[in-house]
Structure formats: C-alpha cells, structure tokens
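Novice: Residues 959 to 1067, numbered by this note's numbering, are exactly what the sequence shown covers, in order. Cβ atoms here follow ideal geometry from the backbone N, Cα and C, with glycine treated the same way.
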Amino acid sequence: MNFSKNELLLALSSIGFRVTTLSTILDPMLDPTSTRLSEIKLTCHLQYILYHLGGGLYNITLHPLAKVPGPKLRGAFDFPRYWEIWTGDVATNCKELHDIYGSTVRLAP
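Structure (structure tokens):
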C-alpha cells in the first residue's frame, strides 16, 4: 500500500494526531512582533548572564587559583583587566595591588 503525503496526514489527523508543519512552528518565531521571539531573546540573554555569573563564581570559589590573594572581582572576571589595558593603567594598578597583597597577586581569572 502506497499512501500519498496528504492521505497520510489526513488519516493521522482523523484519528486524533495533531499534525503540524515546520512553517506553523517557525512562522511565529520569525515574526519580529511575536511574543514567542521575545521570549526566546529574553531566555538567551538570561542564559548568557547566568553563564558568566556562574563562571565568575567558579573562578573565585572552586578554581585552583582561588586561594591566591587579590581582588575578588579581578579573580572572577576579565573585564577589569581589559579596562586597565584600555585606559593604560596596567603598571600603576599592578604596583598598587602588589603593595596591598604582597609579592603574589591574582590579576585575572
């Protein structure tokens, strides 16, 4: 027995199966005014934030260098180091951190 695609879909839908096509799933997601797209964007942003916060928490608690003295923010994230490079204050800040924490200082994750 050979069934055409339409006959098979009709038979499945008549016995209670909900038949959806790919376009019925993707069309609302691709519509910029869709609330579904807004939910997906929000979820992606929250996952991005939670991923980086989780990484920072790992860096200051469970990382092998967690016991090395230094500012916790610098041990958790890279952006303080990038900001110093951008502003040109790397040498000055490193000297200040060595004065505060001693000869061994954790400057980055």
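By alpha-carbon positions, which one of F1035, D1036, H1010, P1029 ends up nearest to H1056?
Specialist: Counting from 1 along the sequence shown, the entry for residue 1056 is found at position 98. Per the Cα distances, P1029.
Novice: Would G1033 pass as a contact of I1043 if the rule is Cβ separation under 7 Å?
Specialist: Along the sequence shown, one-based indexing puts residue 1033 at 75. Along the sequence shown, one-based indexing puts residue 1043 at 85. Contact: no.
Novice: Where does R1064 land, buried or exposed, given buried means 16+ other C-beta within 10 angstroms?
Specialist: Here the question's residue 1064 lines up with position 106 in the sequence shown. Buried, because 16 or more other Cβ atoms sit within 10 Å of the Cβ of R1064.
Novice: Between which two residues does the alpha helix (DSSP H) harbouring K1053 extend?
Specialist: Mapped onto the sequence shown, residue 1053 falls at position 95. Per DSSP, K1053 belongs to the alpha helix (DSSP H) from 1048-1059.
Novice: What residue range is occupied by the uninterrupted alpha helix (DSSP H) comprising G1033?
Specialist: Along the sequence shown, read from residue 1 onward, the residue named residue 1033 stands at position 75. Here the alpha helix (DSSP H) through G1033 covers 1030-1034.
Novice: Whole angstroms are fine: how far does the CA of E1054 sit from the CA of H1021?
Specialist: On the sequence shown, residue 1021 is found 63 positions in, with the first residue counted as 1. On the sequence shown, residue 1054 is found 96 positions in, with the first residue counted as 1. Roughly 24 Å separates the two Cα atoms.
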